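Visitor: Just so we're aligned: the sequence shown equals residues 300 to 517 in the numbering used here.
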Amino acid sequence: MNRYKLAIFDLDGTLMDTTEGFVSAVKYTIEKMGYPMLSDKELSAFIGPPIQDSFAKAYGLEGPILQEIATVFRDRYSVPEVLFLAKPYDGIYDVFEGLLKRGVMPAVATYKREDYAVSLLKYYGFDRYTDILFGGDHENKLKKKDIIEKCINVAGITDKAEVVMIGDTKLDAIGAEGIGVDFLGVTYGFGFKTPSDAQEYGAVGCVDNAIDLLKYFD
């Protein structure tokens, strides 16, 4: 019998490939701020973590300038023709439908700012399956475990053994560990490349395509 009642998904690299729109907004921000342009590989590392953290790491920045950068980025990324440049991964809708048939509630916990995340998720129809959609705040105060906890509280789950976090990066795994829930890794996104990458962070399992996630709910 399936032990989980709530499956919490990361967004970027887990539900959707958001590379095109996200990187476009990062490049715009770099040019707007007058910084040297990064390589494609360096730009790809921006997807997933809070935008302030990525710019701080890439350019050795700290302090108030990071909030200014975040504002420039988010103003650009919020433009619909940029934000909606995303592609749901093959099979991900089938996963959500399969979870509901199994009595498991899906939810989303992402570092992407919440208003943008909700707009993107609704545009691609994920709100057909759940209204538990939470994201980051503009000031980057919320950690991943805080966002995961919001999902758990709204779902009314009291036993964390009934919850699993699903994601493609160590940030998702660390967030799951921080709140005390299981973690399932995926290698089709931006972070983990092999199952062992996810297992290093305590993953109870790992898949290389979305539809295989359902194996962990039978």
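Even for Gly, the Cβ is constructed at its ideal location relative to N, Cα and C. As the structure is a computational prediction, the values presented were derived from the model and not from experiment.
Quick check: the Cα distance between Met332 and Lys514, rounded to an integer number of angstroms?
Guide: Here residue 332 refers to the residue found at position 33 of the sequence shown. Here residue 514 refers to the residue found at position 215 of the sequence shown. Each residue's alpha carbon lies about 46 angstroms from the other.
Visitor: Quick check on the burial criterion: 16 or more other C-beta atoms within 10 angstroms. Buried or exposed for Thr468?
Guide: Taking the sequence shown and counting its residues from 1, the one referred to as residue 468 is at position 169. Buried: at least 16 other Cβ atoms inside 10 Å.
Visitor: Please name the residue, chosen from Gly488, Tyr358, Lys440, Val462, that lies closest to Arg302 on a Cα-to-Cα basis.
Guide: By one-based count along the sequence shown, residue 302 stands at place 3. The candidate whose alpha carbon is nearest that of Arg302 is Val462.
Visitor: Kindly indicate which three-state DSSP category Leu470 falls into: helix, strand or coil?
Guide: Against the sequence shown, residue 470 aligns to sequence position 171. Leu470 falls in the helix class under three-state DSSP.
Visitor: Since Ile465 and Asp309 are thought to touch, with beta carbons under 8 angstroms apart, how far apart are those beta carbons, to the nearest angstrom?
Guide: The count along the sequence shown starts at 1 and reaches residue 465 at position 166. The count along the sequence shown starts at 1 and reaches residue 309 at position 10. Right, the Cβ-Cβ distance comes to about 7 angstroms (below 8 angstroms), so this counts as a contact.
Visitor: Ordered along the chain, which non-local residues of its own chain (more than five positions away) have a Cβ less than 7 angstroms from that of Glu361?
Guide: The residue labelled residue 361 in the question sits at position 62 within the sequence shown. The residues are Ala355.
Visitor: What are the start and end residues of the beta strand (DSSP E) that includes Ala306?
Guide: If you number the sequence shown from 1, residue 306 lands on position 7. 305-308 is the span of the beta strand (DSSP E), which, as asked, contains Ala306.
Visitor: Determine the contact status of Ile307 and Ile447, defining contact as a CB-CB distance below 8 angstroms.
Guide: Here residue 307 is taken as the residue at index 8 of the sequence shown, counted from 1. Here residue 447 is taken as the residue at index 148 of the sequence shown, counted from 1. Yes, they are a contact pair.
Visitor: How is the alpha helix (DSSP H) around Lys340 delimited, first residue to last?
Guide: Counted from its first residue, the sequence shown places residue 340 at position 41. 339-343 is the span of the alpha helix (DSSP H), which, as asked, contains Lys340.
Visitor: If you draw a straight line from the alpha carbon of Ile473 to that of Asp496, how long is it in whole angstroms?
Guide: For this step, residue 473 is matched to residue 174 along the sequence shown. For this step, residue 496 is matched to residue 197 along the sequence shown. Whole-angstrom Cα-Cα distance: 13 angstroms.
Visitor: How is Asp311 classed by DSSP in three states: helix, strand or coil?
Guide: As a first step, residue 311 must be located in the sequence shown, where it is residue number 12. Strand.
Visitor: For Tyr410, report the span of its beta strand (DSSP E) as first-last.
Guide: Within the sequence shown, residue 410 is the residue found at index 111, counting from 1. Run containing Tyr410: 404-412, per the beta strand (DSSP E) assignment.
Visitor: Which ranges does the alpha helix (DSSP H) cover as unbroken runs of at least 4 residues, wholly within the stretch 462-506, from first to last along the chain?
Guide: You should have 469-478, 494-498.
Visitor: Please report the straight-line C-alpha distance between Lys326 and Gly455, rounded to a whole angstrom.
Guide: On the sequence shown, position 27 is the one that residue 326 refers to. On the sequence shown, position 156 is the one that residue 455 refers to. Their backbone Cα atoms lie some 41 angstroms apart in a straight line.
Visitor: What is the rounded straight-line gap between the Cα of Phe516 and the Cα of Ala460?
Guide: Counting from one through the sequence shown, the residue named residue 516 turns up at place 217. Counting from one through the sequence shown, the residue named residue 460 turns up at place 161. Answer to the nearest angstrom: the Cα atoms are 13 angstroms apart.
Visitor: Closer than 7 angstroms to a non-hydrogen atom of the ligand FMN - does that hold for the CB of Leu342?
Guide: Ligands in the displayed structure: none, and consequently the ligand FMN is not present.
Visitor: Would you decide whether Tyr500 is buried or exposed? Buried here means 16 or more other CB atoms lie within 10 Å of its CB.
Guide: Translated into the one-based positions of the sequence shown, residue 500 becomes position 201. Label assigned to Tyr500: buried.
Visitor: Using 10 angstroms around the beta-carbon of Tyr376, count the other beta-carbons present and answer buried if the total reaches 16, otherwise exposed.
Guide: Numbered from 1 along the sequence shown, position 77 holds the residue referred to as residue 376. That one is buried.
Visitor: At what residues does the alpha helix (DSSP H) containing Leu360 begin and finish?
Guide: As a position in the sequence shown, residue 360 is number 61, starting the count at 1. Leu360 -> no alpha helix (DSSP H), and no H or E assigned at all.
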